[in-house]
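The numbers in the sequence shown follow our numbering, run straight up by one, and end at 544. Ideal Cβ placement from N, Cα and C applies to all residues, glycine included. Okay, so here's the structure we're looking at.
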Amino acid sequence: MAKLSYRDAQGVLCECPLTDQATIGRHPNQTIQLLDRVVSKAHAVVRKMPDGGFIVQDGGSRNGTYVNGELLDGASKLKNGDKITIGSTELFFHDDPKTQPLSAGGRVTIHADGMETHIRSRLAGMDKERFLPEVEIKDAGSLRRDYEKLRISHELNQSIGLEMDLQVLLQKIMDKAFEIFPADRGVILLRRDHTSGYASLDPNADPAELLPMIVKSRSGNADIDNVRISQTIINEILEEKQAVLSSDAMMDSRFNKAHSIVLEQIRSTMSVPLLHDDAVLGIIHLDSRIARGAFTEKDLQILTGFARQAAMMIEHNRLLEKMRAEIQAKEHLNRLLSPQLVEEVLSGRLELKKGGELRLATVMFADIRGFTTLSEQIAPQEVVIMLNEYFEYMVDIIFKYRGTLDKFIGDEIMAVWGAPLSEEDDTERAVKAAVEMQQMLHELNQVRAAQGEQTIRIGIGLNTGEVVAGYMGSTRSMNYTVMGNTVNTAARFCSAAGPGEVLIGQNTHAQVGHLFTTELLPPTKLKGKLEHVDIYRVRGLK
3 MAKLSYRDAQ GVLCECPLTD QATIGRHPNQ TIQLLDRVVS KAHAVVRKMP DGGFIVQDGG
63 SRNGTYVNGE LLDGASKLKN GDKITIGSTE LFFHDDPKTQ PLSAGGRVTI HADGMETHIR
123 SRLAGMDKER FLPEVEIKDA GSLRRDYEKL RISHELNQSI GLEMDLQVLL QKIMDKAFEI
183 FPADRGVILL RRDHTSGYAS LDPNADPAEL LPMIVKSRSG NADIDNVRIS QTIINEILEE
243 KQAVLSSDAM MDSRFNKAHS IVLEQIRSTM SVPLLHDDAV LGIIHLDSRI ARGAFTEKDL
303 QILTGFARQA AMMIEHNRLL EKMRAEIQAK EHLNRLLSPQ LVEEVLSGRL ELKKGGELRL
363 ATVMFADIRG FTTLSEQIAP QEVVIMLNEY FEYMVDIIFK YRGTLDKFIG DEIMAVWGAP
423 LSEEDDTERA VKAAVEMQQM LHELNQVRAA QGEQTIRIGI GLNTGEVVAG YMGSTRSMNY
483 TVMGNTVNTA ARFCSAAGPG EVLIGQNTHA QVGHLFTTEL LPPTKLKGKL EHVDIYRVRG
543 LK
């Protein structure tokens, strides 16, 4: 499976499996979001070609995209191991067919044997060998063989202890297993919820389903077109959480009705659970179709050690993925909510649900007046700098008064009080925020004018009423927002507000009119409204 791997701003290893297209940039809607100021919103794209290969192409970014240190000019076909540099982030392209995750219905089949499995506490056919104390060893040849197995086992433990890539980790385990044991074929299966995104996951699928991650054959790929694994063996491992060793599976009474063993002419099998905190994360399975008694109890002990180490690393990998998801969620919430609300959500005291719920809220829109004319008078880079500075001040005030930043709409800011968390003084804090935003902008304009820069004037509109609030969008991209007539009316108030004005509706005035100096405007007919509405201009706090 082709993928991109990189480390995010926190140093966490991230991986993105590639399908038809992956976009890279600073915007949250990109497949890979890079929080870097020198990265453009839509910086680059990686696309799959008809021949199955992948190309990378710059998306017209300001600072360019580099492949293996060379500035990209047009599209470049990617090779396994290529390094893509975007800003300060290095992304590595992997496309190794040997480590492709496989579907259970393709090259690996878990064969239903059509029988109930009666498991004995003592496994039949298992050798009684063990690693003897030094004084009991009589056979030098046996000592050398045991030493070699333990040496390779030690090398594996050293190498996988530093491995952060789950697929590479599993491949290393299988390769070392083939160095030590006389296996003809080997399979590593993981339960669906421990594959860390390497398989295409159906949210309705059973998390206990086993997915083959690594398949290997000593005689080459032709021998692994359809590996059959007995459901009898699978059941024994999952139910008893014990390793299974059969010196001759064709003769073993436990498996004498297992159709897959008969069909495949399997002479010896060795299967161990990937066990972590008494939970089976997956299975390592080796079989031999030639040698009777190919595996010994010593082999089982060594493979069990492999499996124990692998299970720890798989769980570690899963926790890293979970931590990365939590970091991304917190970064998203920090852009959306005030710090107090972020803590409420992360602690579980406040739940943000997909879909909508009715809430009483006060909605604010703040829009720069004459922005089109202003942007024509200065360079685009200066427009971006000006907007970022302006947004920084305004959002700080919104968060100061515990508001929720809904979104930026070009040069317009939308914020809400009363969703997702309601408080008695929501409306009061919303209007206070609007007044302070105008005061702060007046001070900022004095500084800008003194520096010979263009000044900014905004109009602000607020309205209070019932809204539908919640996370809305697709499973790939959801945003918390509010919708409804109250929102539309607040936007109309904003459009009617002149530079430096704060306009509020009748519902808002009814709640906070006693706290502010206000002025009732002449009857006004708003766009899209059949009747005139009362609008009040806020002069300031009484």
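Element boundaries [alpha helix (DSSP H), containing residue i]
i      : result
Val437 : Asp428 to Ala452
Val397 : Pro382 to Lys402
Arg28  : Element bounds for Arg28: n/a, residue is neither H nor E.
Met176 : Leu168 to Ile182
Ala492 : Asn487 to Ala498
Ser377 : Phe373 to Gln379
Supposed close pair residue i, residue j - CB separation, criterion 8 Å
i      : j      : result
Gly461 : Glu394 : The Cβ separation is near 20 Å, so there is no contact.
Asp408 : Ala417 : 6 Å
Arg310 : Leu360 : Their Cβ separation, rounded to whole angstroms, is 53 Å, which puts Arg310 and Leu360 out of contact at 8 Å.
Ile537 : Ala498 : 7 Å
Asp289 : Arg187 : 6 Å
Val48  : Gly61  : Val48 to Gly61, Cβ: 11 Å. No contact.
Lys43  : Gln23  : Actually they do not touch by this definition, with Cβ atoms about 16 Å apart.
Lys85  : Glu92  : 6 Å
Leu500 : Val535 : In the sequence on display, residue 500 carries Gly and not Leu. Between Val535 and Gly500 the Cβ distance is about 17 Å, and since that is not below 8 Å, they are no contact.
Extent of the continuous beta strand (DSSP E) to which residue i belongs
i      : result
His534 : No beta strand (DSSP E) holds His534; DSSP gives it neither H nor E.
Lys50  : Ala46 to Lys50
Leu247 : Val246 to Ser248
His516 : Element bounds for His516: n/a, residue is neither H nor E.
Ser219 : Leu212 to Ser219
Glu455 : It is not in any beta strand (DSSP E) - Glu455 carries neither H nor E in the DSSP assignment.
Val189 : Arg187 to Arg193
Ser78  : Ala77 to Lys79
Lys409 : Thr406 to Ile411
Ala421 : Per DSSP, Ala421 belongs to no beta strand (DSSP E) and is neither H nor E.
Gly507 : Val504 to Gly507
Residue(s) in a DSSP beta bridge with residue i
i      : result
Tyr149 : DSSP lists no partner for Tyr149.
Gln233 : DSSP lists no partner for Gln233.
Thr306 : Note: Thr306 sits in no beta bridge, so no partner.
Glu299 : For Glu299, which the question treats as bridged, DSSP gives no partner whatsoever.
His96  : Lys5
Ser290 : Ser270
Pro19  : Lys5
Gln35  : Gly27
Asn481 : Met474
Pro525 : For Pro525, which the question treats as bridged, DSSP gives no partner whatsoever.
Thr87  : Tyr68 and Glu92
Thr364 : Trp419 and Thr466
Gln59  : Val47 and Ala77
Val540 : Thr520
His278 : Ala281
Asp369 : Gly461
Proximal residues to residue i (C-beta, below 6 Å), its chain only, five neighbours per side dropped
i      : result
Leu265 : Here Leu265 scores only 43 on pLDDT, less than 50, and its place in the model should not be relied on; the value that follows carries that caveat. Correct list: empty, nothing qualifies.
Asp10  : Cys16
Ala421 : Arg361, Ala363, Ala471 and Val484
Ile121 : Below a pLDDT of 50, predicted positions are generally treated as unreliable, and Ile121, at 30, falls in that range; the measurement from the model is reported next regardless. Result list for Ile121: Glu238 and Glu242, in chain order.
Ala368 : Ile415, Ile460 and Ile462
Thr101 : Low per-residue confidence applies at Thr101: pLDDT is 39, beneath 50, and the placement is therefore not dependable, though the value from the model is reported in the following sentence. Excluding positions up to five away in sequence, the list reads Gln169 and Gln173.
Gly108 : For Gly108, the predicted model reports a pLDDT of 42, less than 50, meaning its position is unreliable; a value from the coordinates is still stated below. Answer for Gly108: no residue qualifies.
Ser63  : Ser42 and His45
Phe308 : Ile175
Thr67  : Ala46, Asp60, Leu74 and Ile88
Asp97  : Ala4 and Asn82
Residues near residue i in its chain [Cβ-Cβ closer than 7 Å; skip 5 each side]
i      : result
Val41  : Gly27, Arg28, Ile88 and Gly89
Lys434 : Tyr403
Ala595 : This structure leaves residue 595 out entirely; the chain is present only between 3 and 544.
Leu389 : Asp413
Leu517 : Glu430, Leu543 and Lys544
Thr519 : Arg541, Gly542 and Lys544
His511 : Thr520 and Tyr538
Gln561 : This structure does not reach residue 561, given that the chain is present from 3 up to 544, and the question cannot be answered.
Proximal residues to residue i (C-beta, below 8 Å), its chain only, five neighbours per side dropped
i      : result
Ile239 : Ala245, Val246, Ser273, Val274, Pro275, Val282 and Ile285
Asp204 : In this prediction, Asp204 has a pLDDT of 39, which is less than 50 and means its spatial position is unreliable; what the coordinates show is noted afterwards. Answer for Asp204: no residue qualifies.
Gly515 : Tyr538
Thr21  : Lys50
Pro524 : none
Beta carbon proximity, residue i to chain C, threshold 9 Å
i     : result
Leu74 : No chain C is part of this structure, which consists of one protein chain only.
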